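A.B. asks: Heads up: the protein sequence lines correspond to chains B and L, in order. Counting from 1 along the first sequence, just add 1078 to a position and that's the residue number in the numbering used here. Counting from 1 along the second sequence, just add 1078 to a position and that's the residue number in the numbering used here.
There are 2 protein chains.
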Amino acid sequence: MTEKQSLEEVGRSLHSNAIHLLRHVRTEDSAMGIGPAQASALSVVVFGGPLTLNELAEVEQVRPPTMSRVVEALVKEGLVRRETNRDDRRSVIISPTDKGTRILQEGRNRRERRLIKLLSKLDADEIRCLGKASRILSKILVVEHS
Amino acid sequence: MTEKQSLEEVGRSLHSNAIHLLRHVRTEDSAMGIGPAQASALSVVVFGGPLTLNELAEVEQVRPPTMSRVVEALVKEGLVRRETNRDDRRSVIISPTDKGTRILQEGRNRRERRLIKLLSKLDADEIRCLGKASRILSKILVVEHS
DNA sequence: CTGTATACTTAGCATAGCTAATCATTAGCT
DNA sequence: AGCTAATGATTAGCTATGCTAAGTATACAG
């Protein structure tokens, strides 16, 4: 019972912290000159290699029409390329341009610097604790390929 | 140097985990019948007691016109009340209705159940670690009243 | 070769973010 | 008191991002 209580508390607290953490770093997003959906999609394209629009939509958990428009904007800004797949001419392959890769890295760095500035208020023990917790979270969150 | 490296890793990892965590629980939001901005604002009104529109906008880190419209929608749906402040008739006080409080609790519970389902894959030690990390994060994130 | 399924796009709607401009009220200064 | 500046909220209008429904083009199945 105590354990279940604790589980709920931890869940509630993690939830709240995740919201606040993202709000905090998101202030740096505007410096990238693109919206959050574009930034997130670009990130997947840069780090997740070339992939189709449907795959990208699935990773980003949005519907294909939404992703189609986001990609449209990224193409217009020269951050990704959109080419028809030679093996299946119905589908398109999205890949990052050099500019897209550069822009993303810069934005990512800004976000991380922002976060690091916050984290630097903590002592080494606390950082270690966060690191350990982060690895635990990765185990159950990032996988999700079931 | 090792410490700084670790700081960056932890920052990057936390950032990524926060994104994935919120994506995960956000799937439950639609069940509440209101959008994410409305849900988040309602949460503040319910748990943060009556407060003015400007205060609400600040907590939610959006501009007053944005919050004005969000509140407008919540009022229309009968989830919050909007009354002019007697002490300063320029400002308005937002407070939750019974319906708003109920709706929010239900949605919150759904999100948390979702999160708890994920967390229950972990053992007691790991949960404790997450709890500790969460308290550390709260210290540096939720405060921000400087 | 005809019909169905798949991948994407287009069209149209709702929510949510912003700035600029407006209105009402309060506060401050002589 | 009375004028002016500051403050709290709203309105108007733009952009971005989410959705569903419907359309187009290609692939596949018989």
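Don't be surprised by glycine CBs; every beta carbon is placed ideally from N, CA and C. Computed from a prediction, not measured in an experiment: that's the story for all the values here.
For a contact defined as C-beta to C-beta under 8 Å, what are the partners of E1204 of chain L on chain B?
C.D. replies: Here the neighbours are I1214.
A.B. asks: In chain B, what lies closer than 7 Å to A1096 of chain L by C-beta?
C.D. replies: A1096, L1099 and L1100
A.B. asks: Taking just the CA atoms, how far does M1110 of chain L sit from S1094 of chain L?
C.D. replies: 26 Å
A.B. asks: Hey, would you say L1134 of chain L sits closer than 8 Å to A1119 of chain L, going by beta carbons?
C.D. replies: yes
A.B. asks: Buried or exposed: E1204 of chain B, going by 16 or more other Cβ atoms within 10 Å of its Cβ?
C.D. replies: buried
A.B. asks: Can you give me the C-alpha to C-alpha distance between H1223 of chain B and L1099 of chain L, rounded to a whole angstrom?
C.D. replies: With a pLDDT of 39 at H1223 of chain B, under the threshold of 50, the modelled position of this residue cannot be trusted, and the question is left open.
A.B. asks: Listed from N- to C-terminal order along the chain, which residues in the stretch 1172-1196 of chain L have their beta-carbon within a distance smaller than 7 Å of any beta-carbon of chain B?
C.D. replies: Near chain B, meaning a CB-to-CB distance below 7 Å, the residues of the stretch 1172-1196 of chain L are R1189, E1190, L1193, I1194 and L1196.
A.B. asks: Note down, one range per segment and in chain order, each beta strand (DSSP E) of at least 3 residues found wholly within the stretch 1109-1183 of chain L.
C.D. replies: 1158-1162 and 1170-1174
A.B. asks: I want to see whether chain L comes within less than 8 Å of Q1139 of chain B, judged by CB atoms only; does it?
C.D. replies: yes
A.B. asks: Going straight from the alpha carbon of L1129 of chain L to that of E1087 of chain L, what length do you get?
C.D. replies: 38 Å
A.B. asks: For the alpha helix (DSSP H) containing E1204 of chain L, name the first residue and the last one.
C.D. replies: A1202 to L1219
A.B. asks: Return the Cβ separation of G1089 of chain B and E1190 of chain L in integer angstroms, given the expectation that the two are a contact with Cβ distance under 8 Å.
C.D. replies: 5 Å
A.B. asks: Determine the contact status of S1198 of chain L and L1092 of chain B, defining contact as a CB-CB distance below 8 Å.
C.D. replies: no
A.B. asks: With a cut-off of 8 Å, does the C-beta of S1224 of chain B fall near any C-beta of chain L?
C.D. replies: Here the model assigns S1224 of chain B a pLDDT of 33, short of 50, so the residue's position is not dependable and the matter cannot be decided.
A.B. asks: Rounded to whole angstroms, what's the CA-CA distance from R1206 of chain B to A1202 of chain L? Just pull it up for me.
C.D. replies: Distance between the alpha carbons of R1206 of chain B and A1202 of chain L is about 19 Å.
A.B. asks: With 16 as the cutoff for other CB atoms within 10 Å, does Q1183 of chain B come out buried or exposed?
C.D. replies: exposed
A.B. asks: Kindly indicate which three-state DSSP category S1084 of chain L falls into: helix, strand or coil?
C.D. replies: If DSSP states are grouped into helix, strand and coil, S1084 of chain L belongs with the helices.
A.B. asks: State the Cα-Cα distance for the pair S1121 of chain B and A1096 of chain B, rounded to the nearest angstrom.
C.D. replies: 19 Å
A.B. asks: Along chain B, which residues have their Cβ under 8 Å away from the Cβ of S1108 of chain L?
C.D. replies: Per Cβ cutoff of 8 Å: no residues; S1108 of chain L is ~12 Å from chain B at best.
A.B. asks: Helix, strand or coil for E1023 of chain L per DSSP?
C.D. replies: As displayed, chain L neither begins before 1079 nor continues past 1224, which places residue 1023 of chain L out of reach and without an answer.
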